[in-house]
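Visitor: For what it's worth, this note's numbering labels the leading residue of the sequence shown as 1, then goes sequentially.
Virtual Cβ for every residue (Gly too), placed ideally from N, Cα, C.
On a predicted model such as this, the values are computed, not experimentally measured, just so you know.
One structure is given below, represented as structure tokens, and several questions about it will come after.
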Amino acid sequence: MRGKILQSLLAKIVVFVLVFSVGGLVYNLCERKNYTLIILAKSLEVGTGRILIEPVGTGKSISKSFQIKDATGNQSIYVVELPAMSVKSLQVLPVANVGSYAVDRIMLTGDEISYRWDSDGVCTQKLRRTVSQPEDVCSGEFPELSVKSDGSIVITSITERGMFRSKSERGGLAAISALLFALAVFWLKAALPSGQGCEWRRLFCSRVLWLTVFALIGYQFSLIYRYSVDVPYFDEWVYFKSGALINGLNLKWLFSFHFEHRIVFTYLLAWLNLKLFHLNFVVQTIFNFFIFIGLLLLFYQFLRKYFTKEGSLFLPAFMIFLLSPLNWENHIWGFQSQIHLGLLFSIIALQFAFDLKKLLRATFIFTVFTLFAIYSFSSGLVLALVCLIIRSIYLGISIKDKLIGSVAGYISIATGWVLVGVGVGFWFKGYFEPGRGALLKIMGEPGNYYYGYLDPGTLPLTLPSQKEFWVFFMNVLSLGFGFESENVVPGVVILFITIAPTIMLLTDCKRRSEAYTWQLIAIITFLILTLAAISMGRAGYSLSKHSRYAEFGMFLIPAVSAAWWVVLRSARGKILFLSVFWIACFVSFADHWSADKYLEMKQIKLSMKDSIENYYRGVGDGYFMEANPEALDNARKLGVSFTKSVVWSGVIGK
């Protein structure tokens, strides 16, 4: 007895020491902030650029690299985050042979101040505080830039202005880290054996997997919080069009098309943000991520019934891949709540589509959330078609097997078709009217884009009878499984792995009367056909490897794993197949965990912020990216958050 007490006391002391060690480590590591180096350059060669960083007080240099993929001579942006340490100098090595490249601009940016050198080496600086200052010629202490004879660019005398966090900020980060570590340790400790039996091993492994999921959620949140900028990006400028938020919450705007989508709930969230937070786009982005977390939890709840106790570890293991930054656009861009909401409402609709216990109630909920999905994102139309057909088949089988009354069954089928059909009919109202298209970015650089006007009602579809459809479809399908290179082979393999268990479920007579079978068939079919619909609509003028499309394929990963767990007969076969499948996903996702895209997006948004501030100070015509003078003036009239961070010159616009 005494030995157990001493053992318990010793364990608590060890945990206590570890918790304080974690807090102290975080406190020391987060002392400094870091600079970001941005290079705007043109190149006629592909290759790898290198930056040599010489820290203060050491004789060793640190090397950072960036990939040069554009050899057409167009200006490209390369963003490199420097280490959080005191830097004596940094050297940008030549990115190509002499005469094959040109550096147009170099920027060194921090949270408080940024420096910029043009092609002639002239330095300007800009203070970035709560209220931004105009850009001015560098003065006082500032970094010096020089060019060597071999073309290398060297920056020395790098200042440390604004590069230190306050003690209170460091203490807060340390306290949060220590608390989370303590909770994790005690949660794992509670799973350790207190008696006989082996069940604790499965519980312990399950908690390790869930801690991994929670850690990745925290990682994604930290990326979003760190790299978000309070400015509208791309499609978000539609909030400031005439007839939009400037007219208040009006139904005409709420239900209007955005290109080929009706995004009622995204517009509604923007209006709520305007009322509560002056339409702060950082808040919008964070709330968008909370929606995604809710979507993940709902999807887990939807799939967990397909795994027996022996396979319970696989579902959280496959959920890990859904937290990869592969679909970074949908996380750093609050406007993409439309995709999260479309999937969220679709899963809720599927939860009730095949419920026979309270058929009338289930039919009502299914219909409502199907309509919500339709008016969140156009993938809801695919959901409506898939669900209505598969649900009708299932209810027909249930009537035949006398699981439900024929009258109730036929009324439920008819109700779903009529109500959803009316909603779909209203959705298409005005779809083919000309003049409601959008300017889509074709190519360009921050602050200087080129556009093509596309009207969705007149665009030709790329049909499955065309080769271009299948090339696009196979590539966009494989993107969700971590394949970013243009190659149809991974897509063909993935399509087989996805369709095979679905066909096996359909041909299994014993499972045809089970609701969960049809739910699984419906979710897989819905996700595949959504990617097919994207291929029909986008193959003619867009790239298949846009990260915004990846989310639909990513959600196929746990759904397909559930399908294989159900159809395979032996426990050994189930475990072996899903283990190999998980390892394959792990390998394909190995390169998709960095923050590079978030960092690049932040710099693009900061460039936009500079253009916005210049317009409000009376410099520039207000045309950049998707912005225009009308939108900028409407934003100021609405008192939007980003319009308040400018030192006014007294001249607004032109």
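Can N250 be considered in contact with the ligand COA, in the sense that its beta carbon sits closer than 6 Å to one or more heavy atoms?
Guide: Judged by which ligands are present, the structure shown has none, so any question about the ligand COA falls away.
Visitor: Determine the DSSP secondary structure at P55, reduced to helix, strand or coil.
Guide: Position 55 of the sequence shown, counted from the start, is the residue given in the question as residue 55. Three-state DSSP puts P55 in a strand.
Visitor: First and last residue of the beta strand (DSSP E) that includes A41?
Guide: Indexing the sequence shown from 1 puts residue 41 at position 41. Where A41 is concerned, the enclosing beta strand (DSSP E) stretches over 36–43.
Visitor: Strictly by DSSP, which residues pair up with D120?
Guide: On the sequence shown, position 120 is the one that residue 120 refers to. Looking at the DSSP assignment, D120 forms no beta bridge with any residue, so it has no partner.
Visitor: If I'm right that I339 touches R548 with Cβ under 8 Å, what's the distance once you round it to whole angstroms?
Guide: As a first step, residue 339 must be located in the sequence shown, where it is residue number 339. As a first step, residue 548 must be located in the sequence shown, where it is residue number 548. With 8 Å as the limit, I339 and R548 qualify as a contact, their Cβ atoms being about 7 Å apart.
Visitor: Could you give the DSSP three-state label for I158: helix, strand or coil?
Guide: By one-based count along the sequence shown, residue 158 stands at place 158. Note: I158 maps to coil in three-state DSSP.
Visitor: Quick check on S406: buried or exposed, where buried means 16 or more other Cβ atoms within 10 Å of its Cβ?
Guide: Translated into positions along the sequence shown, residue 406 becomes position 406. Classification of S406: exposed, given that the 10 Å Cβ count is below 16.
Visitor: Helix, strand or coil, according to DSSP, for L403 in the structure here?
Guide: Taking the first residue of the sequence shown as 1, we reach residue 403 at position 403. Residue state, collapsed to three classes: coil.
Visitor: Taking contact to mean at least 3 C-beta pairs separated by less than 8 Å, is the segment 367–378 in contact with the segment 408–424?
Guide: The answer is yes - the segment 408–424 touches the segment 367–378, with three or more Cβ pairs under 8 Å.
Visitor: For I575, collect the residues of the same chain with a Cβ closer than 8 Å to its Cβ; drop the 5 residues on either side in sequence, then sort them by chain order.
Guide: Counting from one through the sequence shown, the residue named residue 575 turns up at place 575. If we look at I575 and ignore the five residues flanking it on each side, its Cβ neighbours are E310, G311.
Visitor: Using CA coordinates, which residue listed in S100, W518, F186 is at the minimum distance from S8?
Guide: The count along the sequence shown starts at 1 and reaches residue 8 at position 8. Closest by alpha carbon: F186.
Visitor: Looking only at its own chain, which residues have a Cβ that is under 7 Å from the Cβ of I393, when we skip the five neighbours before and after it?
Guide: Your numbering for residue 393 matches position 393 in the sequence shown. So no residue of the chain qualifies.
Visitor: Buried or exposed: Y431, going by 16 or more other Cβ atoms within 10 Å of its Cβ?
Guide: Here the question's residue 431 lines up with position 431 in the sequence shown. Exposed is the call here.
Visitor: For I523, which residues of its own chain have a beta-carbon under 7 Å away from its beta-carbon, when the five flanking residues on both sides are left out?
Guide: Translated into the one-based positions of the sequence shown, residue 523 becomes position 523. The residues are L350, A559.
Visitor: Less than 7 Å between the beta carbons of N288 and S346, yes or no?
Guide: Here residue 288 is taken as the residue at index 288 of the sequence shown, counted from 1. Here residue 346 is taken as the residue at index 346 of the sequence shown, counted from 1. No, Cβ-Cβ distance for N288 and S346 is not below 7 Å.
Visitor: May I have the straight-line CA-CA distance separating F257 from G342, to the nearest angstrom?
Guide: What you label residue 257 is simply residue 257 of the sequence shown in a count that begins at 1. What you label residue 342 is simply residue 342 of the sequence shown in a count that begins at 1. When rounded, the distance between both Cα atoms is 15 Å.
Visitor: Between I263 and G334, what straight-line distance do the alpha-carbon atoms span, to the nearest angstrom?
Guide: On the sequence shown, residue 263 is found 263 positions in, with the first residue counted as 1. On the sequence shown, residue 334 is found 334 positions in, with the first residue counted as 1. The straight-line gap from Cα to Cα measures roughly 13 Å.
Visitor: Among S465, D401, A373, which has the Cα closest to the Cα of V420?
Guide: Numbered from 1 along the sequence shown, position 420 holds the residue referred to as residue 420. Nearest option by C-alpha distance: A373.
Visitor: How would you label A571, buried or exposed, when you count the other beta carbons within 10 angstroms and need 16 or more for buried?
Guide: Taking the first residue of the sequence shown as 1, we reach residue 571 at position 571. Exposed, because fewer than 16 other Cβ atoms sit within 10 Å of the Cβ of A571.
Visitor: What are the boundary residues of the beta strand (DSSP E) that F277 is part of?
Guide: Start at 1 with the first residue of the sequence shown, and residue 277 comes out as number 277. Note, F277: premise wrong, no beta strand (DSSP E); alpha helix (DSSP H) at 264–277.
Visitor: Could you spell out where the beta strand (DSSP E) holding M107 opens and where it closes?
Guide: Taking the sequence shown and counting its residues from 1, one reaches residue 107 at position 107. Run containing M107: 101–109, per the beta strand (DSSP E) assignment.
Visitor: Going by other Cβ atoms of all chains shown within 10 Å of its Cβ, with 16 needed for buried, is W593 buried or exposed?
Guide: Counted from its first residue, the sequence shown places residue 593 at position 593. So W593 ends up on the exposed side.
Visitor: Grab the span of the beta strand (DSSP E) containing F577 for me, first residue to last.
Guide: Taking the first residue of the sequence shown as position 1, residue 577 is located at position 577. Note, F577: premise wrong, no beta strand (DSSP E); alpha helix (DSSP H) at 571–588.
Visitor: Kindly indicate the opening and closing residues of the alpha helix (DSSP H) around L179.
Guide: The sequence position of residue 179 within the sequence shown is 179, counting from 1. Taken as a continuous stretch (DSSP letters only), the alpha helix (DSSP H) holding L179 covers 167–189.
Visitor: What are the boundary residues of the beta strand (DSSP E) that includes F66?
Guide: Taking the first residue of the sequence shown as position 1, residue 66 is located at position 66. 62–68 is the span of the beta strand (DSSP E), which, as asked, contains F66.
Visitor: Assuming E141 and S89 are in contact, meaning their beta carbons sit under 8 Å apart, how far apart are those beta carbons, in whole angstroms?
Guide: In the sequence shown, the residue the question calls residue 141 occupies position 141. In the sequence shown, the residue the question calls residue 89 occupies position 89. Wrong, their Cβ atoms sit about 15 Å apart, outside the cutoff.
Visitor: In angstroms, rounded to a whole number, what distance separates the CA positions of P446 and K252?
Guide: In the sequence shown, the residue the question calls residue 446 occupies position 446. In the sequence shown, the residue the question calls residue 252 occupies position 252. Reliability fails at P446, whose pLDDT of 39 lies under 50, so the model's placement of it is uncertain and the value that follows must be treated cautiously. Rounded to the nearest angstrom, the two C-alpha atoms are 33 Å apart.
Visitor: If you count every other CB in all the chains shown that lies within 10 Å of the CB of E613, and 16 or more means buried, which is it?
Guide: Your numbering for residue 613 matches position 613 in the sequence shown. Per the 10 Å Cβ criterion, buried.
Visitor: Please work out which residues of its chain come closer than 7 Å, Cβ to Cβ, to I224, disregarding the five sequence neighbours upstream and downstream, and give them in chain order.
Guide: Looking up residue 224 in the sequence shown gives position 224. Result list for I224: T285, I286, F289, H331, I332, in chain order.
Visitor: Taking buried to mean at least 16 other C-beta atoms within 10 Å of its own C-beta, is N28 buried or exposed?
Guide: Sequence index remark: in the sequence shown, residue 28 carries index 28 (1-based). So N28 counts as exposed.
Visitor: So what's H261 in DSSP terms, helix, strand or just coil?
Guide: In the sequence shown, the residue the question calls residue 261 occupies position 261. Residue state, collapsed to three classes: strand.
Visitor: What residues in its chain sit with their C-beta under 6 Å from that of I348, if we drop five residues either side in the sequence?
Guide: As a working note, residue 348 is residue 348 in the sequence shown. Around I348: F369.
Visitor: Which residues in the same chain as L18 place their Cβ atom closer than 8 Å to its Cβ, once the five residues preceding and following it in sequence are excluded?
Guide: Translated into the one-based positions of the sequence shown, residue 18 becomes position 18. Only F181, V185 meet the Cβ criterion.
Visitor: Taking 8 Å as the threshold, find out whether the segment 315–327 comes into contact with the segment 237–250 through three or more Cβ pairs.
Guide: The segment 315–327, when compared against the segment 237–250, does not touch it at the 8 Å Cβ threshold.
Visitor: Please report the residue range of the beta strand (DSSP E) in which Y78 lies.
Guide: By 1-based counting over the sequence shown, the position of residue 78 is 78. It spans 76–81 - the beta strand (DSSP E) in which Y78 sits, taken as one unbroken run.
Visitor: For the alpha helix (DSSP H) that contains S645, what are its first and last residues?
Guide: As a first step, residue 645 is located in the sequence shown; it is residue number 645 there, counting from the start. No alpha helix (DSSP H) holds S645; DSSP gives it neither H nor E.
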